[in-house]
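The sequence shown: position 171 = 513 (our numbering), numbered continuously. From the three backbone atoms N, C-alpha and C, an ideal C-beta is built for every residue, glycine too. These notes concern the structure reproduced below.
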Amino acid sequence: MTIWAIIPVKALARAKSRLAGLISPAERAALSRRLLAHTLSALAQAAAIERRLVVSRDRAVLGLAQRRGAQPVPETADRGLNAALEQGVRLARASGARAVLILPADLPHLGPADVAALLSPGDDPAVVIAPDRHERGTNALFVRPPGLIACAFGDDSFQTHLALARAAGVEPRLCRRPGVALDLDTPEDLALSQIEPAALKLAP
């Protein structure tokens, strides 16, 4: 089975705006670069992932993706996260992917075992959803075949993705793992991540 990973990344100048009162713009950009590099590394160690797509409008992000062995995908229109993801899904499907794994690039504790747990064996239609630690958002989404359900990331996306899967005739499997549950959006998240402030000074 051919599985492609799709990672959307905001422009670095707009990254992690909810941390603005805690760390500087340069530190937020460095944090985003480090998290992307970490995500790509975890995916590279997962043998089942054939290709990694990074969708972004930021040339620096796309350059980092290419240096890390991922395929950079310039976002064709600034129409938001889900439009960028659908662009990646269309590319994966047109290129022969049998399934896609959608991951944000802000999971500081993501590891190869987490990636493996997000995948569903077999060829039948399948959806795997990893909720965030509040069980409101979606921190990872596995879909087979690509396009079986629409990308609906945003507020309360966990329940939306559950409903979309069931409407498509698939009972989704839920994946609750610490490495996927914590995403970095708020000062509380940053504190829970235990990332040292000094680690934000330099880009990878």
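The region 427 to 436 / the region 400 to 410 touching (three or more Cβ pairs under 8 Å):
By the C-beta criterion, the region 427 to 436 is judged not to be in contact with the region 400 to 410, since fewer than 3 inter-stretch pairs fall below 8 Å.
I345 beta carbon less than 8 Å from that of A419:
Here the question's residue 419 lines up with position 77 in the sequence shown. Here the question's residue 345 lines up with position 3 in the sequence shown. For A419 and I345, no; Cβs fall outside 8 Å.
Straight-line Cα distance separating I349 from G287
Residue 287 falls outside the range modelled here, since the chain spans only 343 to 546, and no answer is possible.
Selected residue, minimal CA-CA separation from V457, among I471, L354 and S366:
Position 115 of the sequence shown, counting from 1, holds the residue named residue 457. Comparing Cα positions, the closest option is I471.
Assuming T381 and L445 are in contact, meaning their beta carbons sit under 8 Å apart, how far apart are those beta carbons, in whole angstroms?
The count along the sequence shown starts at 1 and reaches residue 381 at position 39. The count along the sequence shown starts at 1 and reaches residue 445 at position 103. T381 to L445, Cβ: 6 Å. Contact.
Is E392 helix, strand or coil by DSSP?
One-based indexing of the sequence shown puts residue 392 at position 50. Looking at E392 - three-state DSSP - the assignment turns out to be strand.
Please tell me whether V512 and L449 are closer than 8 Å, where the distance is taken between their beta carbons.
Counted from its first residue, the sequence shown places residue 512 at position 170. Counted from its first residue, the sequence shown places residue 449 at position 107. In this structure, L449 does not lie closer than 8 Å to V512 by Cβ.
Is the beta carbon of F484 sitting closer than 8 Å to the one on L443?
Residue 484 sits at position 142 when you count from the first residue of the sequence shown. Residue 443 sits at position 101 when you count from the first residue of the sequence shown. Yes, the pair counts as a contact, with Cβ atoms nearer than the cut-off.
What number of angstroms, rounded off, separates the C-alpha of L404 from the C-alpha of P367?
Position 62 of the sequence shown, counted from the first residue, corresponds to residue 404. Position 25 of the sequence shown, counted from the first residue, corresponds to residue 367. In a straight line, the C-alpha of L404 is about 19 Å away from that of P367.
Evaluate E477 with the Cβ neighbour count: other Cβ atoms within 10 Å of its Cβ, from every protein chain shown; 16 or more gives buried, anything less gives exposed.
Along the sequence shown, one-based indexing puts residue 477 at 135. That one is exposed.
For R515, which residues in the same chain have their Cβ closer than 8 Å to its Cβ, ignoring the five residues on either side in sequence?
Along the sequence shown, one-based indexing puts residue 515 at 173. Same-chain partners within the cutoff: S462, A468, V469, V470 and I471.
Output yes or no for whether 8 Å exceeds the beta carbon distance between V397 and L378.
Counted from its first residue, the sequence shown places residue 397 at position 55. Counted from its first residue, the sequence shown places residue 378 at position 36. Going by C-beta atoms, V397 is not nearer than 8 Å to L378.
For the beta strand (DSSP E) holding Q413, just list the boundary residues, first then last.
Within the sequence shown, residue 413 is the residue found at index 71, counting from 1. Segment Q413 to P416, the beta strand (DSSP E) holding Q413.
From D525, C493, D465 and G464, pick the residue whose C-alpha is nearest to that of N481; which is it?
Looking up residue 481 in the sequence shown gives position 139. The residue from D525, C493, D465 and G464 with its alpha-carbon nearest to that of N481 is D525.
Distance check for R393 and A505, CA to CA, integer angstroms please.
In the sequence shown, counting from the first residue as 1, residue 505 sits at position 163. In the sequence shown, counting from the first residue as 1, residue 393 sits at position 51. Distance between the alpha carbons of A505 and R393: 28 Å.
By how many angstroms is the C-alpha of A447 removed from the C-alpha of A372?
Locating residue 372 in the sequence shown gives position 30, counting from the first residue. Locating residue 447 in the sequence shown gives position 105, counting from the first residue. In a straight line, the C-alpha of A372 is about 13 Å away from that of A447.
State the start and end residues of the unbroken alpha helix (DSSP H) segment that holds L461.
As a first step, residue 461 must be located in the sequence shown, where it is residue number 119. L461 -> no alpha helix (DSSP H), and no H or E assigned at all.
With a floor of 4 residues, list each alpha helix (DSSP H) that falls wholly inside the region 478 to 532, ordered by position along the chain.
499 to 509 and 520 to 523
Give me, in chain order, the residues of the same chain whose beta-carbon lies closer than 7 Å to that of H451; leave out the 5 immediate sequence neighbours on both sides.
Mapped onto the sequence shown, residue 451 falls at position 109. Same-chain partners within the cutoff: P520, G521 and L524.
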